[in-house]
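Enquirer:
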């Protein structure tokens, strides 16, 4: 028995010794630090985030950057290589608590400043947290999170048309972009490619609680490339003052399973081009759900279908379209099939018309009649009524201005909210919340059925 117990103790020790993971390390960078004489400790920090990130060599390692401005030369050959990138998976790069960290890529084009790909390999599971980033964030791995950041300028030096993105997402999966200010990008050659986020095929992407503003093109460009972009959720964001609209599905690939809900869209598509609305589908976008959004004073259509290609299985319900500068919904082309497979329980208020197959409809009843010629019972329960926004600022300036004085139960229900608009209780958090960010409860939203294959 003694020998058996000794053998068992030896086995337990061996299992514990060889299976216990090494403890993750915390390293520091500071403006007064040194890459040559520092050791990465709080007292002897390194001097540059570029060097510090390369010392993250074990999963779980954390690089904490002290306050100050750090000049970072963005990689331009190719632009998708980030200058600041860890050497291991599942690492974190963040600011020191209570201090402002600015990664300054200079004037545009800034190219790749920080991200999960440095040209040699992709690092999965990276978290980028609490930084001011003047340049492009590169996301090409699996499980990357960008949160609590202020990201702007962007722009790349690609020798083709040139693009003005501040976040580049390519061939990625399980990406989360949350609680950021993403804004003020750089004008390059092509308007549609001057998006704040360029989503160049990816799967299972969540974009939530961000402020998107002052884009010289669309806020988000959803492309497919030679692979399908699918299962993209855009929720609780505040889109405003974006010149070519908020969401634009490009003429590449066939994006599928887009969920766009609980967003506020204000004053988008201000270049007033017929090709750009607040939400624009350009090519064969399939299986999109657009619901419980609030649209206010957008140009060229709160929803706009560009080209005459049919769109399959798009649903549009529980939305408030208020005070558009032109049209509520715009179909400038004829088509053989309706864009929507479900269209109802929407509120259209205060002016605006509808454009259907190139013909302008000046009343809800005329719009309802025309769309019902292709889609039975479309807009049967939709209405034209004052949504009674609180407009606490008096200028419709903040997302909270679009809360309502009351929340009538006149929405779709049936598993979804029974209230129209982005706010269904008035307690939702929409847009960038700073340190007060708490994720919203999404239990009222039935999920898309998924058979998800992550892109490699």
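Numbering (this note's numbering), first residue to last: 102 to 557.
Backbone N, C-alpha and C define an ideal beta-carbon position, used for all residues, glycine too.
In this text, all values refer to a predicted model and were calculated from it rather than measured experimentally.
CB residue 211 to CB residue 255, shorter than 9 Å?
Expert: Taking 9 Å as the Cβ cut-off, residue 211 and residue 255 qualify as a contacting pair.
Enquirer: Compute the Euclidean distance between the alpha carbons of residue 285 and residue 420, then round it to the nearest angstrom.
Expert: Spanning the two alpha carbons is a distance of roughly 27 Å.
Enquirer: With contact counted as at least three CB pairs below 8 Å, one residue from each stretch, are the stretch 160 to 174 and the stretch 193 to 202 in contact?
Expert: Touching, yes.
Enquirer: Going by the DSSP bridge assignment, what does residue 271 pair with across the sheet?
Expert: Answer is 301, bridged to residue 271.
Enquirer: So what's residue 155 in DSSP terms, helix, strand or just coil?
Expert: The answer is helix: DSSP assigns residue 155 an H, G or I state.
Enquirer: Could you give the uninterrupted runs of the alpha helix (DSSP H) lying entirely in the stretch 191 to 268, keeping only those of 4 residues or more?
Expert: Qualifying alpha helix (DSSP H) stretches: none in this window.
Enquirer: Could you compute how far the alpha carbon of residue 277 sits from the alpha carbon of residue 192?
Expert: Residue 277 and residue 192: Cα-Cα distance of roughly 15 Å.
Enquirer: Rounding to the nearest angstrom, what Cα-Cα distance links residue 558 and residue 241 in this structure?
Expert: With the chain covering 102 to 557 only, the question about residue 558 has no answer from this structure.
Enquirer: How long is the line joining the alpha carbons of residue 274 and residue 430, rounded to whole angstroms?
Expert: So the two alpha carbons sit approximately 32 Å from each other.
Enquirer: Going by the CB atoms, is the gap between residue 483 and residue 447 shorter than 9 Å?
Expert: Cβ atoms of residue 447 and residue 483: closer than 9 Å.
Enquirer: Report yes or no: do three or more beta-carbon pairs, one from the stretch 493 to 505 and one from the stretch 464 to 471, lie closer than 8 Å?
Expert: The answer is no - the stretch 464 to 471 does not touch the stretch 493 to 505, with fewer than three Cβ pairs under 8 Å.
Enquirer: How many whole angstroms separate the CB atoms of residue 236 and residue 175, which I take to be in contact at a CB cut-off of 8 Å?
Expert: Going by Cβ atoms, the distance from residue 236 to residue 175 rounds to 5 Å, so yes, they are a contact pair.
Enquirer: Is it buried or exposed, residue 213, if we count other Cβ atoms within 10 angstroms and call 16 or more buried?
Expert: So residue 213 counts as buried.
Enquirer: I'd like the list of long-range same chain contacts for residue 480, defined as Cβ closer than 8 Å, with 5 residues on each side in sequence excluded.
Expert: Excluding positions up to five away in sequence, the list reads 444, 445, 447, 465, 468, 469, 472 and 473.
Enquirer: Which residues share a DSSP beta bridge with residue 404?
Expert: Its beta-bridge partners are 380 and 430.
Enquirer: If we ignore side chains and look at the alpha-carbon of each, how far apart do residue 410 and residue 322 end up?
Expert: One C-alpha to the other measures close to 18 Å.
Enquirer: On the criterion of 16 or more Cβ atoms from any shown chain inside 10 Å, does residue 510 qualify as buried, or is it exposed?
Expert: Exposed, by the Cβ-count rule.
Enquirer: Would you identify the three-state DSSP class for residue 469, choosing helix, strand or coil?
Expert: Helix at residue 469.
Enquirer: Provide the residue(s) that pair with residue 462 in DSSP beta bridges, ordered along the chain.
Expert: The partner list for residue 462 (beta bridge, DSSP) reads 455.
Enquirer: Quick one, are the C-beta atoms of residue 251 and residue 234 less than 9 Å apart?
Expert: Against a cut-off of 9 Å, the Cβ pair of residue 234 and residue 251 comes out as a contact.
Enquirer: So the beta strand (DSSP E) residue 349 belongs to, where does it begin and stop?
Expert: Segment 348 to 350, the beta strand (DSSP E) holding residue 349.
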